[in-house]
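Numbering-wise, our numbering puts -10 at position 3 of the sequence shown, and it's gapless, one number per residue. Cβ coordinates follow ideal geometry from the N, Cα and C atoms, glycine included. Fair warning: this is a prediction, and the values are worked out from it, not measured in the lab. Structure record follows, encoded as C-alpha cells.
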Amino acid sequence: MVLARENVTVIVADKNMTGGNETIVYLKMLSQHLRHRAIHVDVRNSTSVEFLIQCIQMEYSDMNISILVNSAGILHEITPVVNLTDDIFDDVISTNLKGTFLVTKEVVKHMLSRNVSGAAIVNIASILGKGGFPGLSAYTASKGGVVAFTKAIAVELATRGIRVNAILPGLTNTPMIQKYGNDTIKDRLRRMIPVQRIAEPLEISETIVFMCSMKTSYMTGSTVDVAGGSML
C-alpha cells in the first residue's frame, strides 16, 4: 500500500486471490487513478511465473516493470531437525528461495529486454538469514539462501541499471506469525528483541519504499536489518 502512496502501479501476485483482491480494494481507495491488479501466481512453478509476466506485459504494454518486491514466504512449525520431513523442507525452500529465483529470473528478462534503467529489486529475507534459530532449520536455510542469492544477482546486474537488495525483518505482526506462533512463544520471542516489541507491517513497508527509491541509487547487494536490534 505504501508503494501506491508513492504513485506506483502495483501488481499483487499471489496464490491467495482472496487476500490479493482485498489488497487491491484498499489500493484503489488510496490511488484511484492507478491500474492496480491482483494476478494469481504460484511462485514455486516456473510456468505459472512465466504466465504472470506475460499477463503483465500484455495488459500493461505501455509500461515497464521497474520495481520487484519478492515477498512470498511461508514458515513452518518449530520442529527439531530429526523430525523435519522432506516435504516440509522442500515446500519451504521451493516457496521462499526457489520462488525468489523464478520471479527474479523472469522480471530481469523483462527489464533487460526493455532496457529498463533505475530499476530496483527488493527481496524480503529474514533476520534469521544471518543467524540460526532452533527448530526453524528449513526457514532459516531458505532465508539465508535469499541473502546469498541477492548478493550474487546484485553483482551480476550492477552495470545493467538494476539494483538488488534485501530486507531482513525481525518478528513482525503478520498473518504468517499469527498462524504459527501461540501467545507464549510470541511473548518469549518478543522478550528476546532489544526494543521489546514486534514490528508492525508498516515499518517494514516504509523500508521497502526507501529501498525502491532513487534515494538508494548507490546501494546494491546490501542487506538492511529491520529487526529492532536483533542479531547485531
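**Request:** Go to Phe26, then tell me how far its beta strand (DSSP E) extends in each direction, as first and last residue.
**Result:** In the sequence shown, counting from the first residue as 1, residue 26 sits at position 39. Looking at the sequence itself, residue 26 is Ile, so the reference to Phe does not match. Looking at the DSSP string, the run of the beta strand (DSSP E) that includes Ile26 is Arg24 to His27.
**Message:** Can you check which of these residues, Phe136, Val151, Ser192 and Ala153, is closest to Tyr159 by C-alpha distance?
**Reply:** Here residue 159 refers to the residue found at position 172 of the sequence shown. For the record, residue 159 in the displayed sequence is Thr; it is not Tyr. Considering only alpha carbons, the answer is Ser192.
**Request:** Decide yes or no for the touch test of the segment 118 to 130 against the segment 72 to 81: beta carbon pairs closer than 8 Å, at least 3 of them.
**Result:** yes
**Asked** How about Ser217 and Pro181: do their beta carbons lie closer than 8 Å?
**Response** As a working mapping, residue 217 is identified with position 230 in the sequence shown. As a working mapping, residue 181 is identified with position 194 in the sequence shown. Going by C-beta atoms, Ser217 is nearer than 8 Å to Pro181.
**Asked** Could you give the uninterrupted runs of the beta strand (DSSP E) lying entirely in the segment 32 to 76, keeping only those of 3 residues or more?
**Response** 54 to 57
**Prompt:** How long is the line joining the alpha carbons of Asn32 and Val95, rounded to whole angstroms?
**Reply:** On the sequence shown, residue 32 is found 45 positions in, with the first residue counted as 1. On the sequence shown, residue 95 is found 108 positions in, with the first residue counted as 1. Rounded to the nearest angstrom, the two C-alpha atoms are 17 Å apart.
**Request:** Could you tell me the boundaries of the beta strand (DSSP E) in which Leu155 lies?
**Result:** Along the sequence shown, read from residue 1 onward, the residue named residue 155 stands at position 168. Leu155 -> beta strand (DSSP E) spans Ile149 to Pro156.
**Asked** Count the other CB atoms within 10 Å of the CB of Val12; is the residue buried (16 or more) or exposed (fewer)?
**Response** If you number the sequence shown from 1, residue 12 lands on position 25. Exposed, by the Cβ-count rule.
**Request:** Label His23 either buried or exposed according to how many other C-beta atoms from any shown protein chain fall within 10 Å of its C-beta, with 16 as the threshold for buried.
**Result:** Along the sequence shown, one-based indexing puts residue 23 at 36. Result: buried.
**Prompt:** Is it true that the CB of Leu99 sits closer than 8 Å to the CB of Arg147?
**Reply:** On the sequence shown, residue 147 is found 160 positions in, with the first residue counted as 1. On the sequence shown, residue 99 is found 112 positions in, with the first residue counted as 1. Contact flag set, yes.
**Message:** Looking at the secondary structure, which residues open and close the alpha helix (DSSP H) in which Val90 lies?
**Reply:** Counting from 1 along the sequence shown, the entry for residue 90 is found at position 103. From DSSP, the alpha helix (DSSP H) with Val90 extends over Gly86 to Ser100.
**Asked** Would you call the CB atoms of Thr87 and Asn57 closer than 8 Å?
**Response** Indexing the sequence shown from 1 puts residue 87 at position 100. Indexing the sequence shown from 1 puts residue 57 at position 70. Yes; because the gap between Cβ atoms is below 8 Å, this pair is in contact.
**Per DSSP, cross-strand counterpart(s) of Ala107** = Within the sequence shown, the letter at position 120 stands for residue 107. Ala107 is bridged to Ile54 and Arg150.
**Request:** Taking Thr5 as part of the alpha helix (DSSP H), name the residues at either end of that continuous run.
**Result:** Within the sequence shown, numbered from 1, the residue matching residue 5 stands at position 18. Start and end: Met4 to Leu17.
**Message:** Cutting at 6 Å between CB atoms, please list the residues of its own chain near Asn8, excluding the five before and the five after it.
**Reply:** Counting from one through the sequence shown, the residue named residue 8 turns up at place 21. For Asn8, where only same-chain residues beyond five positions count, the Cβ hits under 6 Å are Ala25.
**Request:** Quickly, what does DSSP pair Val213 with across the bridge? List them, please.
**Result:** The residue labelled residue 213 in the question sits at position 226 within the sequence shown. In DSSP, Val213 forms a bridge with Pro156.
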